Amino acid sequence: MPDSEVIEKKLRRILLYLQELRRLSFMNLEDFQEDIVKKRFVERNIELCIEAMIDVCRHLVSSLNLQEPESYADCFRILARGSVITDARQKTFAELARFRNRLIHIYDDVDDSITFDIYSNRLSDFDDFVNVIRGYIRSCE
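This is the structure:
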């Protein structure tokens, strides 16, 4: 059985990171690229959001005795197969996990436009994750 307290702690962290990200405002990609301190702040907070998502995913996979994932992205596919999340959402969440890998392991070659797009247009994907997981946990109680 999933530990709802452990999961909720991670979900609250995601919301905190999102709150911090939403305090910033960039007009465009060029502004984003020119302010290295804010750019690194955005990258790090996005990374932390994704790390927390992965932690929740791995906790659920383990506690529900689902198949062992081969990668972080695969973890979300397994949650979809276990009916925890939908296929459409697993694709979105897996894409974020793959972005995290690029951000961490291929740091110098990360495309700023992808980071800026996540920051500008896709923070709601993290909100969606929080809401979906909270809904799932409520359904288990």
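Be aware that the sequence shown starts at 200, since it is given in our numbering, and climbs by one per residue. The C-beta atom is built at its ideal place from N, Cα and C for all residues, glycine as well. Keep in mind it's a predicted model, so treat the numbers as computed, not measured.
Burial state of residue i (16 or more Cβ within 10 Å)
i: R345; result: It is not possible to answer for residue 345, since the shown part of the chain is limited to 200 through 340.
i: V236; result: exposed
i: Q266; result: exposed
i: N244; result: buried
i: V205; result: exposed
i: K238; result: buried
i: Q218; result: exposed
i: M252; result: buried
i: A287; result: exposed
Distance, residue j Cα to residue i Cα
i: F240; j: H304; result: 17 Å
i: R280; j: D202; result: 20 Å
i: C339; j: D254; result: 19 Å
i: D234; j: M200; result: 45 Å
i: N264; j: V283; result: 13 Å
i: F289; j: F328; result: Looking at the sequence itself, residue 289 is Gln, so the reference to Phe does not match. The alpha-carbon atoms of Q289 and F328 are separated by roughly 10 Å.
i: P268; j: V331; result: 20 Å
First through last residue of the alpha helix (DSSP H) which encompasses residue i
i: S285; result: What sits at residue 285 in the sequence shown is Thr, not Ser. Note, T285: premise wrong, no alpha helix (DSSP H); not H, not E.
i: Q232; result: 228-233
i: S270; result: That residue, S270, is in no alpha helix (DSSP H); it is neither H nor E in DSSP.
i: E340; result: E340 -> no alpha helix (DSSP H), and no H or E assigned at all.
Beta-carbon spacing of residue i, residue j below 8 Å
i: L295; j: R221; result: no
i: F292; j: L228; result: no
i: I249; j: R299; result: yes
i: L210; j: E246; result: no
i: L223; j: C256; result: no
Check: residue i C-beta below 7 Å from any heavy atom of the ligand PLP
i: I213; result: The model on display carries no ligand, and the ligand PLP is accordingly not part of it.
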